[in-house]
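Trainee: Just add 36 to wherever you are in the sequence shown, counting from 1, and you've got our numbering.
Just so you know, even glycine gets a beta-carbon here, dropped at the ideal spot from N, CA and C.
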Amino acid sequence: MEQEGIVRKGCWLRVLAAVRSAQRIGVRSAVGISGGADSVLLAEALWRSGAKPILFHFNHRWRGRVGDGDAKWVAAWARKRGLRVVLGRARSVGRTGEGEARTARWSFFQQAAKRCGVRELWLAHQADDQAETVLMQLLRGAGADGLAGMAVRSRQGKVVVVRAMMGFTREEVRQAAREVGLSWREDKTNEDEKGWRSRVRHKVLPYLSKMYGREVRGALCRAAEIMAGEKEYWEKELGKISTHPDVREWRKKAVAWQRRAIRSWLGRQGYGGPSFAEVEGTRKLILGGSTATWQLRRSLLVTRKKGRLVLGKGLPIRLG
């Protein structure tokens, strides 16, 4: 990422180099493309690097004919480059919450990836997105894993998610797109401050920078990088975790170890993003006492049974 507030020429060549260094030869890939500058640039860089990514476009159906126009634009853009496009759309018309929209989009990506045999899904998140994510995580009281933000490479189920442009600001990405003469679609909902992320982008971050006397996005990204290193260390420190952990062994560990282990255990069983209350509730089961179950979201229960933790639906699961 360039010095904060300064955008130099030559952004395209640096983006292209970053994309090429993240490529894996012979791996079928796809790009999540909205038609905006970020995702169009990413798809272009992959295409110019010799790849033939499939393009996944999801229409949230928030913007009527404009949203339909985005889908047609993406299809035409891909056709000129000989790239395949898979289009998806929300079930109903009208704006939803950001979380609901993200869930619908991810569901489409996962289904399309499975259907097309895609092993890597490339997303166009960049440094500004990372700064917004870290600040939002901090304000909701996230732990170190949440403050690590988005990784350059991560696994979501059977698909590896690649974010090769995390080292570039939003303006650097647009500068790169201009340097190679790319056009793109502008999503006006990004300017709509009804959404929490949009308010963080247009109100909160500028206010913090003004009050602090300097740009804060870079500091948030550096914090994320530090936390990502902490996350990597703890993953190695925890090692392999049993499907049914022994609470007597976990009881001997430090509080920080227990919290990390609980998050890791739940995540490996498909329950991502547990709240602080859910982690602490599960930790009570480790410490003993009369409480033998703890309720999670999605009608899931963590149960202490015969000295071991069990995750299941509805009533406590019989172990052994």
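So arginine 221 and tryptophan 109 are in contact, right, with Cβ under 8 angstroms, and what is the actual spacing, rounded?
Mentor: The residue given as residue 221 occupies position 185 in the sequence shown. The residue given as residue 109 occupies position 73 in the sequence shown. The Cβ separation is near 6 angstroms, so the contact holds.
Trainee: By Cβ distance below 7 angstroms, which residues in the same chain neighbour leucine 355 in space, the five residues on each side in sequence not counted?
Mentor: As a working mapping, residue 355 is identified with position 319 in the sequence shown. Because the pLDDT of leucine 355 is 47, which lies under 50, any placement of that residue in the model is unreliable, and the number read from its coordinates should be weighed accordingly. For leucine 355, where only same-chain residues beyond five positions count, the Cβ hits under 7 angstroms are His280, Lys341, Lys342, Arg344 and Val346.
Trainee: Quick one: using the 10 Å Cβ neighbour count with 16 as the cut-off for buried, is aspartate 74 buried or exposed?
Mentor: Here residue 74 is taken as the residue at index 38 of the sequence shown, counted from 1. Classification of aspartate 74: buried, given that the 10 Å Cβ count is 16 or more.
Trainee: If you scan the region 58-115 from start to end, which runs of the beta strand (DSSP E) of 3 or more residues do you find wholly inside it?
Mentor: List check, beta strand (DSSP E) in window: 65-68 and 90-95.
Trainee: Go to glutamate 316, then tell me how far its alpha helix (DSSP H) extends in each direction, as first and last residue.
Mentor: By one-based count along the sequence shown, residue 316 stands at place 280. Run containing glutamate 316: 312-323, per the alpha helix (DSSP H) assignment.
Trainee: Could you work out which residue in Val63, Val55, Arg56 and Val76 is closest to glycine 217 when comparing CA atoms only?
Mentor: Locating residue 217 in the sequence shown gives position 181, where the first residue counts as 1. For glycine 217, the nearest C-alpha among the options comes from Val76.
Trainee: Give the straight-line distance between the Cα atoms of arginine 284 and methionine 263, rounded to the nearest whole angstrom.
Mentor: As a position in the sequence shown, residue 284 is number 248, starting the count at 1. As a position in the sequence shown, residue 263 is number 227, starting the count at 1. About 29 angstroms.
Trainee: Inspect the CB distances between the region 183-195 and the region 248-265 and report whether three or more fall short of 8 angstroms.
Mentor: Yes: the two stretches touch, three or more of their Cβ pairs being nearer than 8 angstroms.
Trainee: Whether or not the region 149-169 and the region 199-209 are in contact is what I'm after, with contact meaning three or more pairs of Cβ atoms, one per stretch, closer than 8 angstroms; do they touch?
Mentor: With the cut-off at 8 angstroms, the region 199-209 and the region 149-169 touch.
Trainee: Less than 9 angstroms separating the beta-carbons of valine 55 and serine 85?
Mentor: Counting from one through the sequence shown, the residue named residue 55 turns up at place 19. Counting from one through the sequence shown, the residue named residue 85 turns up at place 49. Contact: yes.
Trainee: Starting from the C-beta of asparagine 226, find all residues in its chain whose C-beta is less than 7 angstroms away, skip the five residues before and the five after it, and write them out in chain order.
Mentor: Translated into positions along the sequence shown, residue 226 becomes position 190. Result list for asparagine 226: Ser234, in chain order.
Trainee: Starting from arginine 237, follow the beta strand (DSSP E) in both directions and report where the run begins and ends.
Mentor: Walking along the sequence shown from the start, residue 237 turns up at place 201. From DSSP, arginine 237 is part of no beta strand (DSSP E); its letter is neither H nor E.
Trainee: According to DSSP, which residues form a beta bridge with glutamate 156?
Mentor: Looking up residue 156 in the sequence shown gives position 120. Bridge partners of glutamate 156: Ser65 and Val196.
Trainee: Taking the beta strand (DSSP E) that lysine 341 belongs to, which residues open and close that run?
Mentor: Here residue 341 refers to the residue found at position 305 of the sequence shown. Lysine 341 -> beta strand (DSSP E) spans 336-341.
Trainee: Excluding the 5 residues preceding and the 5 following glutamate 40 in the sequence, name in chain order all residues of the same chain whose CB lies nearer than 6 angstroms to its CB.
Mentor: Walking along the sequence shown from the start, residue 40 turns up at place 4. The predicted model places glutamate 40 with a pLDDT of 46, which falls under 50 and marks its position as unreliable; any figure quoted below should be read in that light. For glutamate 40, where only same-chain residues beyond five positions count, the Cβ hits under 6 angstroms are Glu251 and Gly254.
Trainee: I'd like to know whether the C-beta atoms of leucine 241 and leucine 171 end up nearer to each other than 9 angstroms.
Mentor: Taking the sequence shown and counting its residues from 1, one reaches residue 241 at position 205. Taking the sequence shown and counting its residues from 1, one reaches residue 171 at position 135. Yes.
Trainee: DSSP state of aspartate 282, grouped into three classes?
Mentor: Your numbering for residue 282 matches position 246 in the sequence shown. Note: aspartate 282 maps to strand in three-state DSSP.
Trainee: Taking the continuous beta strand (DSSP E) assigned at lysine 349, which residues delimit it?
Mentor: By 1-based counting over the sequence shown, the position of residue 349 is 313. Counting along the chain, the beta strand (DSSP E) containing lysine 349 begins and ends at 344-349.
Trainee: Can you tell me the Cβ-Cβ gap for cysteine 47 and alanine 167, rounded? I've got them flagged as a contact below 8 angstroms.
Mentor: Here residue 47 is taken as the residue at index 11 of the sequence shown, counted from 1. Here residue 167 is taken as the residue at index 131 of the sequence shown, counted from 1. That pair is no contact at about 18 angstroms.
Trainee: Could one say the Cβ of methionine 186 lies closer than 9 angstroms to chain D's Cβ atoms, at least one of them?
Mentor: Of the protein chains in the structure, only one exists, and it is not chain D.
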